[in-house]
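Undergrad: Questions regarding the structure given below will be posed in turn.
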Amino acid sequence: MSDAFDISQIQNIIDHGIPHCADIGVRVHDMNADGVTFSLPYQERFAGNPVNGVLHGGIITTLIDTAAGMCIYARLQKYMPLATLDLRIDYLKPATPGEDVYTHATCYRTTKQIAFVRAIAYHSDPDDPIANAVGTFMLKSTTGKTLNEAADEKRTKS
Amino acid sequence: MTTMTSEDFVARIEQAKQSSDWRPVFEMIPYFTYLGLRLERTDGRLICILPEDKKFIGNPTLPALHGGVIGAFLESTALVHLFATQEVTRLPKIINITVEYLRSGKPIETYAEAVVTKPGRRVANMRIEAWQKDRDRPIAAAHANFLVS
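Taken in order, these protein sequences are the chains called A and B.
Residue numbering for the first sequence follows this note's numbering, starting at 1 and increasing by one per position.
Residue numbering for the second sequence follows this note's numbering, starting at 1001 and increasing by one per position.
This is how it looks when you write it as structure tokens:
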């Protein structure tokens, strides 16, 4: 199982299986049963405040949503189609312009059909977060291909 | 970053309110430009539009829009609605947002509309809905709080 969940495999899914994450440049740092850690380098094109360059909340939502889904794979140690049911985000403080944003997401409970997740976003200190989030996901939401299969296919083709 | 001040920004919003042309405001916000957002007024209602773009896909096998993009679009729609309908003296700050995903979003043009459920002096409570071809089949809904003063 360790091969399936090494960091390069997850980065491969991001880069080839999730077009939007590839476009914004999500990076994978850590992935184990306790959760995942991803980051997004600061980019001016994602600023929401034209006066001071503070990132738009939406890009932090995207980073958290991505990590929140992936931490379910890490907990279950397998891939399956997921659908986000809901995601709540509290913005605790503005992101500092110029600094990369990290997110750590943990799946703390799964049932046969549902996964419960919590996540934070931060710069360098997880104890001083930018945002706190909780979300619920539906497991096996479709019968289609999983993201790792899609990423492998795309990489083989290109 | 540009050398724009808060006053410049508020002035541009005031200008847009007069002219009903929101492009100069959208162009100032880098993330709005990245999303390619537009605003249209139909029958007195403000509808925000997210264009079709492959870069917004989160699941290529369905295919479906990335949930994060949908959340970002809902948040942006709420912000624009505040610009257009409230007295804006500073850029409203988001406090929190809860997004409910109702249907998978196809990678096509998407629309959203916001309402202010409670226009408080300090906090505005908002409800936002996004849909695609059929207004009666929303793909997502959200509620959010913004600090407005």
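Here a beta-carbon is modelled for each residue, glycine too, at the ideal position from N, C-alpha and C.
#1: So with Cβ pairs under 9 angstroms, would you call A150 of chain A a contact of chain B?
#2: Considering just the uninterrupted stretch of the beta strand (DSSP E) at H1066 of chain B, what are its terminal residues?
#3: Look at E1075 of chain B and A1142 of chain B and say whether their C-beta atoms are less than 9 angstroms apart.
#4: Could you tell me which chain B residues have their CB closer than 8 angstroms to the CB of N12 of chain A, listed as they occur along the chain?
#5: Which residues does DSSP list as the beta-bridge partners of E1040 of chain B?
#6: Can you tell me whether DSSP reads S141 of chain A as helix, strand or coil?
#7: Taking just the CA atoms, how far does P129 of chain A sit from H123 of chain A?
#8: Identify the contact partners of A1072 of chain B in chain A, using a Cβ-Cβ distance below 8 angstroms as the criterion.
#9: Under 8 angstroms Cβ to Cβ from S2 of chain A, same chain only, skipping five residues before and after it: list those, please.
#10: Quick one: residues in its chain with C-beta nearer than 8 angstroms to the C-beta of A47 of chain A, no 5 flanking neighbours on either side, listed in chain order?
#11: Relative to the C-alpha of L1050 of chain B, which residue among B:E1040, B:N1059, B:G1044 is closest?
#12: Pull up the CB-CB distance for I24 of chain A and I64 of chain A, whole angstroms please, since I reckon it's below 8 angstroms.
#13: Cα separation between N132 of chain A and Q77 of chain A?
#14: In terms of residue numbering, what span does the beta strand (DSSP E) encompassing L82 of chain A cover?
#15: Using a Cβ-Cβ cut-off of less than 7 angstroms, give me the residues of the region 1077-1096 of chain B that come near chain A, in sequence order.
TA: This is what the structure holds:
#1: The residue you call residue 150 of chain A lines up with position 150 of the first sequence. With 9 angstroms as the cut-off, A150 of chain A counts as an interface residue toward chain B.
#2: Residue 1066 of chain B sits at position 66 when you count from the first residue of the second sequence. Per DSSP, H1066 of chain B lies in no beta strand (DSSP E) and is assigned neither H nor E.
#3: Here residue 1075 of chain B corresponds to residue number 75 of the second sequence, with the count starting at 1. Here residue 1142 of chain B corresponds to residue number 142 of the second sequence, with the count starting at 1. Judged by their CB atoms, E1075 of chain B and A1142 of chain B are nearer to each other than the 9 angstroms cut-off.
#4: Translated into positions along the first sequence, residue 12 of chain A becomes position 12. Scanning chain B for C-beta atoms nearer than 8 angstroms to the C-beta of N12 of chain A yields nothing, as the closest lies near 14 angstroms away.
#5: Counting from one through the second sequence, the residue named residue 1040 of chain B turns up at place 40. Beta-bridge partners of E1040 of chain B (DSSP): B:I1047.
#6: Locating residue 141 of chain A in the first sequence gives position 141, counting from the first residue. Of the three classes helix, strand and coil, the one that applies to S141 of chain A here is coil, per DSSP.
#7: In the first sequence, the residue the question calls residue 123 of chain A occupies position 123. In the first sequence, the residue the question calls residue 129 of chain A occupies position 129. About 7 angstroms.
#8: As a first step, residue 1072 of chain B is located in the second sequence; it is residue number 72 there, counting from the start. Result: H56, G57, G58, I59, T61, T62.
#9: Taking the first sequence and counting its residues from 1, the one referred to as residue 2 of chain A is at position 2. Legend: pLDDT at S2 of chain A = 48, less than 50; position of this residue unreliable, no value from coordinates given.
#10: The count along the first sequence starts at 1 and reaches residue 47 of chain A at position 47. Result list for A47 of chain A: G53, V54, L55, H56, P97, in chain order.
#11: In the second sequence, residue 1050 of chain B corresponds to position 50, counting from 1. If we check each option's Cα against that of L1050 of chain B, B:E1040 comes out closest.
#12: As a working note, residue 24 of chain A is residue 24 in the first sequence. As a working note, residue 64 of chain A is residue 64 in the first sequence. The Cβ separation is near 13 angstroms, so there is no contact.
#13: Residue numbering aside, residue 132 of chain A sits at position 132 when the first sequence is read from its first letter. Residue numbering aside, residue 77 of chain A sits at position 77 when the first sequence is read from its first letter. Looking at the two C-alpha atoms, the distance is approximately 25 angstroms.
#14: Counting from 1 along the first sequence, the entry for residue 82 of chain A is found at position 82. It spans 82-91 - the beta strand (DSSP E) in which L82 of chain A sits, taken as one unbroken run.
#15: Taking 7 angstroms as the Cβ-Cβ cut-off against chain A, the residues of the region 1077-1096 of chain B that qualify are L1091, I1094, I1095, N1096.
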